[in-house]
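Peer 1:
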Amino acid sequence: MNTDKEPAFTKENKQTTTPFSIRKLTNSDLDLNLKKLVVNERELLVELLKHIAEVDRRKLHLTFAYPSLFEYLTKHIGYSNGSAQRRIDAARLANDVVQLGSNLETGQINLSQVTLLQKAIRQVQIESGTKINASTKVELIHELKGKTFSESEIIVSKAFDLQIKTAAKTSHQQDESVRFEVTLTKEQFQKIEQMRQLLSNSLPNGSWDQVLEFLADKVIAKNEKINLKANAINSNKLLKNKSEQMNSINFQHARSAVKKSIQDEIFLRDEVCHYTDKVTNHKCGSKWNLNLDHIKPIWAGGTNDPDNLRVLCANHNRHIYKQQTCTQNL
Numbered sequence: 001m002n003t004d005k006e007p008a009f010t011k012e013n014k015q016t017t018t019p020f021s022i023r024k025l026t027n028s029d030l031d032l033n034l035k036k037l038v039v040n041e042r043e044l045l046v047e048l049l050k051h052i053a054e055v056d057r058r059k060l061h062l063t064f065a066y067p068s069l070f071e072y073l074t075k076h077i078g079y080s081n082g083s084a085q086r087r088i089d090a091a092r093l094a095n096d097v098v099q100l101g102s103n104l105e106t107g108q109i110n111l112s113q114v115t116l117l118q119k120a121i122r123q124v125q126i127e128s129g130t131k132i133n134a135s136t137k138v139e140l141i142h143e144l145k146g147k148t149f150s151e152s153e154i155i156v157s158k159a160f161d162l163q164i165k166t167a168a169k170t171s172h173q174q175d176e177s178v179r180f181e182v183t184l185t186k187e188q189f190q191k192i193e194q195m196r197q198l199l200s201n202s203l204p205n206g207s208w209d210q211v212l213e214f215l216a217d218k219v220i221a222k223n224e225k226i227n228l229k230a231n232a233i234n235s236n237k238l239l240k241n242k243s244e245q246m247n248s249i250n251f252q253h254a255r256s257a258v259k260k261s262i263q264d265e266i267f268l269r270d271e272v273c274h275y276t277d278k279v280t281n282h283k284c285g286s287k288w289n290l291n292l293d294h295i296k297p298i299w300a301g302g303t304n305d306p307d308n309l310r311v312l313c314a315n316h317n318r319h320i321y322k323q324q325t326c327t328q329n330l
């Protein structure tokens, strides 16, 4: 049974049937009604995917202050993590496989098969650096039609000459602890077993949770020391790139580098991406790939004063820059 959380229907379009009225249906009517509802569900799914694809095309999630389409669908729309990822996979695959929508609508292909294929494609592209072309995707979708999930796994693994890796799983327990399961290759396990042995003096018990926590503490401590320096370097590079691009289209105001002490001050002050949706007042809050940004651009008379500086994630930094460039070109 699928327990994924789906967006709530409004009162206007939600049709309800009381338990009593369902119980009055004959077996044939109950079966027929269920089949009709499944058809409606598939039609609605295809329409949902079109909307998700358009949100992705417009980068609307950035406008609404979400750093990714995934976070927009989970935190703003209300999908569960799994439901969101499956729909993202399908919406993006449909850009290359035109007939995917009709295949989903007829039930010849399902979202689990789509995500299986998309995961494999991402794995191949990361490991080999080779981009999978649209024709290959079309051929594979054709092969997957009407197949079970197990049969689909075999088809996909043979097509890309790879073994399907068991995905890591996390499950939250009643005491708020988290159980984490991951599959390692023989070589990977040998490495981490050797690491645990090397840590035996520091961690006599040697339990895996202690080993992971020990490593996490080391990485976090090291990162805290270099994070400000790294962010400052990245921001200087970004500001330099922006300056070069602005100069290339004859911006009249020169950009001077922000002093390192000011950069450190801003990163310590903001800590997260401060892009905020003006309508909902929702703040992005991402801590991933942070950069320094001028609220009022230099070309528009902005300064390097701390009050004119903020921290943005890379996606929102690019989003803002595109908007500023369009404004300058008007």
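When we follow the working numbering, the leftmost residue of the sequence shown carries the number 1, and every step to the right adds one. Here a beta-carbon is modelled for each residue, glycine too, at the ideal position from N, C-alpha and C.
Got a sec, what are the start and stop residues for the beta strand (DSSP E) N201 sits in?
Peer 2: Looking up residue 201 in the sequence shown gives position 201. Where N201 is concerned, there is no enclosing beta strand (DSSP E), given that its DSSP letter is neither H nor E.
Peer 1: Using a Cβ-Cβ cutoff of less than 6 angstroms, which residues in the same chain neighbour V182 once the five nearest sequence positions on both sides are dropped?
Peer 2: Within the sequence shown, the letter at position 182 stands for residue 182. So the list reads A168, once near-sequence residues are dropped.
Peer 1: In angstroms with no decimal places, state the Cα-to-Cα distance between S157 and W299.
Peer 2: Taking the first residue of the sequence shown as position 1, residue 157 is located at position 157. Taking the first residue of the sequence shown as position 1, residue 299 is located at position 299. Their backbone Cα atoms lie some 53 angstroms apart in a straight line.
Peer 1: Are Q113 and S152 closer than 9 angstroms when you measure CB to CB?
Peer 2: For the purposes of this step, residue 113 is identified with residue 113 of the sequence shown, where counting begins at 1. For the purposes of this step, residue 152 is identified with residue 152 of the sequence shown, where counting begins at 1. Yes.
Peer 1: Leaving out the 5 sequence neighbours to the left and right, which residues in its chain are closer than 7 angstroms to A65 when beta-carbon positions are compared?
Peer 2: Taking the first residue of the sequence shown as 1, we reach residue 65 at position 65. Excluding residues within five positions, the ones whose Cβ falls inside 7 angstroms are Y275, T276, D277, H282, K283 and C284.
Peer 1: Extract the residue ranges of the alpha helix (DSSP H) inside the region 65-131, only unbroken runs of 4 or more that lie entirely within it.
Peer 2: Runs of the alpha helix (DSSP H) inside the region 65-131: 81-93, 100-106 and 111-128.
Peer 1: Answer yes if the region 88-101 comes into contact with the region 129-137, meaning at least three C-beta pairs across the two stretches below 8 angstroms, and no otherwise.
Peer 2: Counting Cβ pairs under 8 angstroms, three or more are found: they touch.
Peer 1: Determine the direct distance from the alpha carbon of D293 to that of V272, and round the result to whole angstroms.
Peer 2: For the purposes of this step, residue 272 is identified with residue 272 of the sequence shown, where counting begins at 1. For the purposes of this step, residue 293 is identified with residue 293 of the sequence shown, where counting begins at 1. Roughly 12 angstroms between the two C-alpha positions.
Peer 1: Which residues mark the beginning and the end of the beta strand (DSSP E) in which N291 is found?
Peer 2: The sequence position of residue 291 within the sequence shown is 291, counting from 1. Here the beta strand (DSSP E) through N291 covers L290 to H294.
Peer 1: Could you check what DSSP says for T280 in three-state terms: helix, strand or coil?
Peer 2: Residue mapping note: residue 280 aligns to position 280 of the sequence shown, counting from 1. Three-state DSSP puts T280 in coil, outside helix and strand.
Peer 1: Taking Cβ to Cβ, would you say D89 is nearer than 9 angstroms to T115?
Peer 2: If you number the sequence shown from 1, residue 89 lands on position 89. If you number the sequence shown from 1, residue 115 lands on position 115. It is a contact, given that the beta carbons lie within the stated cut-off.
Peer 1: How long is the line joining the alpha carbons of T280 and Y72, rounded to whole angstroms?
Peer 2: Walking along the sequence shown from the start, residue 280 turns up at place 280. Walking along the sequence shown from the start, residue 72 turns up at place 72. Whole-angstrom Cα-Cα distance: 13 angstroms.
Peer 1: Which residue marks the beginning of the beta strand (DSSP E) containing L309, and which one marks its end?
Peer 2: Looking up residue 309 in the sequence shown gives position 309. From DSSP, the beta strand (DSSP E) with L309 extends over L309 to C313.
Peer 1: What did DSSP end up calling H172 once you bin it into helix, strand or coil?
Peer 2: Taking the sequence shown and counting its residues from 1, the one referred to as residue 172 is at position 172. Residue state, collapsed to three classes: strand.
Peer 1: Which whole-angstrom value describes the C-beta separation of L199 and F214, a residue pair presumed to lie in contact below a C-beta threshold of 8 angstroms?
Peer 2: Walking along the sequence shown from the start, residue 199 turns up at place 199. Walking along the sequence shown from the start, residue 214 turns up at place 214. Going by Cβ atoms, the distance from L199 to F214 rounds to 7 angstroms, so yes, they are a contact pair.
Peer 1: From the DSSP output, in three-state form, read off E181 for me.
Peer 2: What you label residue 181 is simply residue 181 of the sequence shown in a count that begins at 1. Three-state DSSP puts E181 in a strand.
Peer 1: Among residues of its own chain, excluding the 5 on either side of M246, which ones have a beta-carbon nearer than 6 angstroms to its beta-carbon?
Peer 2: Against the sequence shown, residue 246 aligns to sequence position 246. At M246 the pLDDT is 49, less than 50, meaning the model places this residue with poor confidence and gives no usable figure here.
Peer 1: Which same chain residues end up closer than 7 angstroms to V211 when comparing Cβ atoms and leaving out the 5 residues on each side of it in sequence?
Peer 2: Locating residue 211 in the sequence shown gives position 211, counting from the first residue. Correct list, in chain order: R196, L199 and L203.
Peer 1: Using a Cβ distance threshold of 8 angstroms, determine whether the region 50-57 contacts the region 298-316, with at least three qualifying pairs required.
Peer 2: Counting Cβ pairs under 8 angstroms, fewer than three are found: no touch.
Peer 1: Does DSSP put T148 in a helix, in a strand, or in coil?
Peer 2: Start at 1 with the first residue of the sequence shown, and residue 148 comes out as number 148. In the structure shown, T148 sits in coil (DSSP, three-state: anything other than H, G, I, E or B).
Peer 1: Determine the contact status of V178 and L104, defining contact as a CB-CB distance below 9 angstroms.
Peer 2: In the sequence shown, counting from the first residue as 1, residue 178 sits at position 178. In the sequence shown, counting from the first residue as 1, residue 104 sits at position 104. Cβ atoms of V178 and L104: not closer than 9 angstroms.
Peer 1: Between H253 and the rest of its own chain, which residues show a CB-CB distance below 6 angstroms, the 5 nearest in sequence each way excluded?
Peer 2: Here residue 253 corresponds to residue number 253 of the sequence shown, with the count starting at 1. Unreliable positioning characterises H253 in this predicted model, as indicated by a pLDDT of 43, which lies under 50. The coordinate reading is nonetheless provided below. Once the five neighbours on either side are set aside, the close Cβ partners of H253 are I298 and W299.
Peer 1: Would you kindly report the start and end of the unbroken alpha helix (DSSP H) that includes D305?
Peer 2: Taking the sequence shown and counting its residues from 1, one reaches residue 305 at position 305. Segment: none, D305 is in no alpha helix (DSSP H) and carries neither H nor E.
Peer 1: Can you tell me where the alpha helix (DSSP H) with D161 in it begins and where it stops?
Peer 2: Along the sequence shown, read from residue 1 onward, the residue named residue 161 stands at position 161. Where D161 is concerned, there is no enclosing alpha helix (DSSP H), given that its DSSP letter is neither H nor E.
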